[in-house]
Amino acid sequence: MLIVSEEVCQEVIGRADAFTAVEQVFAAMSRGDAYNFPVIREAIGHADALYGFKSGFDRAGLALGVKSGGFWPGNMAKGLTNHQSTVFLFDPDTGMLSALVGGNYLTAVRTAASSSVSIAHLARKDAKVLGMVGAGHQSQFQLRAAAEQRDFERVVAWNPHPDMLPKLGAVAAELGLPFEAVTQQELGAQADVIITITSAFEPLLMRDWIKPGTHIACMGTDTKGKQEVDPAILAAATVFTDEIAQSVSIGEAQHAIANGTLKEGDITPIGHVINGDHPGRTSDEEITLFDGTGVGLQDLAVASAAARLAKEQGKAQEVTL
Ligand code: NAD
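Residue 73 in this note's numbering sits at position 72 of the sequence shown; the count goes up by one each step and never skips.
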């Protein structure tokens, strides 16, 4: 079996590889060729940690495995990342462990690839202003990936903790994009594409602040109780997601579903758009919203690509169990 370290993952997987892997697995999910198994997530009663598994099988990409890990809030004080994950890949023909792949960097690039796939397929082609809500670890990956999807001319940003914004501004500067910290209302009025990537438990953007034609990728809400936008935005928008079961239970749609303004049948898997079975955006005035909840198959897709590329480039460690 192969061991692919965090460092090697960064060397072999770029944004384009992650985009292709995630787009292909969303398409496979829509065709019924790939499915996620039920997610396990538990508070383990030690170190305040949340620990769990995300797993699935992609028959088209032949990716079988599990991402295991979670959130250890005390890690930062130890100089470690709070979110920790490792991907285990198995040979679908034999069940033997085929690779052990570091999952921290891959989680960030696959999450950024997810919103990017939504922007590529759903945002207006003439989108010029990118709005960022959130300025934490994931936001920098999100900004880099989104910037490649349209000819953005500038970035406007808001974060509940304004002191975190300069780091995101530095990424925009690196990309040659003017960056401005604005109010939430200004962000809604100016942005053609908005990414939300926070740990919020209450709406940060209200319906009246969003202009017609906006594409919103809600990426932070991945747990019951979390929330980033006004449910009225989902009621007004055409809503897409990675996986409907997660969208209605742990995704941004959970709140509009709970208050009855959105029905499960109103939500379309983005794979349908990728496969050409749904038209996606149908007018310049339509608000489109992607509820990116994060599925295990995304992790398996990028980890499989990392294992393949690391082997091809002689960068994987081979061991016998
Ligand atoms: P981080 O800790 O580096 O940053 C947290 C961000 O949320 C910052 O912008 C911070 O200002 C903001 N924030 C913190 N507490 C808040 C609160 N109570 N209300 C509003 N905003 C608050 O985290 P990160 O690694 O950048 O992750 C951001 C979010 O993305 C998390 O909620 C994480 O669970 C989620 N996430 C989702 C996926 C997915 O696939 N959808 C994948 C990875 C992470």
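A virtual CB, placed ideally from N, CA and C, is assigned to each residue, including glycine. This structure is a prediction, so every number in the text was calculated from the model and none was measured.
If you look at Leu176, you'll find it isn't in any alpha helix (DSSP H); DSSP assigns it neither H nor E.
For Phe54, same chain residues with a beta-carbon under 6 Å away, outside a window of 5 residues either side, are Ile41, Val67, Ser69 in chain order. The bridge partners DSSP lists for Arg42 are Gly53. By the criterion of a C-beta distance shorter than 8 Å, Val303 is surrounded in its chain by Ile14, Asp18, Ala19, Ala22, Val23, Leu107, Val110, Arg111, Ala114, once the five residues flanking it on both sides are discounted. Here Glu175 is exposed: its Cβ has fewer than 16 other Cβ atoms, across all protein chains shown, within 10 Å. Thr289 has His216, Thr239 as its beta-bridge partners, per DSSP. By the CB criterion at 8 Å, Leu101 and Met2 fall inside the cutoff. Taking 8 Å as the upper bound for CB-CB distance, Ser119 and Gly295 are not in contact here, some 13 Å apart. Taking a 10 Å sphere around the C-beta of Ala124, we find 16 or more other C-beta atoms and assign the residue as buried. The Cβ atoms of Ile288 and Ile211 sit closer than 8 Å to each other. A direct Cα-Cα distance of roughly 36 Å separates Lys129 from Ala61. Residue nearest to Gly57 within the set Gln299, Val320, Gln318, His162 is Gln299 (criterion: CA-CA distance). Rounded to whole angstroms, the separation of the alpha carbons of Pro167 and Gly266 is 41 Å.
When the beta-carbon positions are compared, Val194 and Leu290 stay at least 8 Å from each other. Placement of the Cβ of Phe54 at a distance of 7 Å or more from every heavy atom of ligand 1 is found. Here the alpha carbons of Gly261 and Glu244 stand approximately 19 Å from one another. Per the coordinates, the alpha-carbon of Gln150 lies some 27 Å from the alpha-carbon of Ala233. In the DSSP annotation of this structure, the continuous segment of the alpha helix (DSSP H) that includes Met30 starts and ends at 16 to 32. In the DSSP assignment, Lys264 is bridged to no other residue. In the structure shown, Ser69 adopts extended strand secondary structure according to DSSP, grouped into three states. DSSP, reduced to helix, strand and coil, places Thr108 within a helical segment of the structure shown. Here Phe38 has Ser56, Gly57 as same chain residues with Cβ atoms under 6 Å from its own Cβ, once five neighbours each way along the sequence are excluded. Here DSSP, grouped into helix, strand and coil, assigns Met2 to coil.
The C-alpha of Gly103 lies about 28 Å from the C-alpha of Val134. Per DSSP, the continuous beta strand (DSSP E) segment holding Arg155 begins and ends at 155 to 159. In this model, Phe27 and Asn276 are separated by some 9 Å (Cα to Cα). A residue is called buried once 16 or more other Cβ atoms fall within 10 Å of its Cβ, and Phe202, having fewer, is exposed.
When C-alpha distances from Ala48 are compared across Lys225, Phe72, Ala146, the shortest belongs to Phe72. With fewer than 16 other CB atoms across the displayed protein chains lying within 10 angstroms of its CB, Thr321 is exposed.
The beta carbons of Thr222 and Gly252 sit about 6 Å from each other, so the pair counts as a contact at 8 Å. Between the alpha carbons of Thr224 and Cys10 lies a distance of about 27 Å. If you look at Leu188, you'll find it isn't in any beta strand (DSSP E); it sits in the alpha helix (DSSP H) that goes 185 to 191. Residue environment for Ser31: buried (at least 16 other C-beta atoms within 10 angstroms of its C-beta). Closer than 7 Å to some heavy atom of ligand 1: that describes the Cβ of His138. For the stretch 111 to 152, the full-length alpha helix (DSSP H) segments reaching 4 residues or more read 138 to 147 along the chain.
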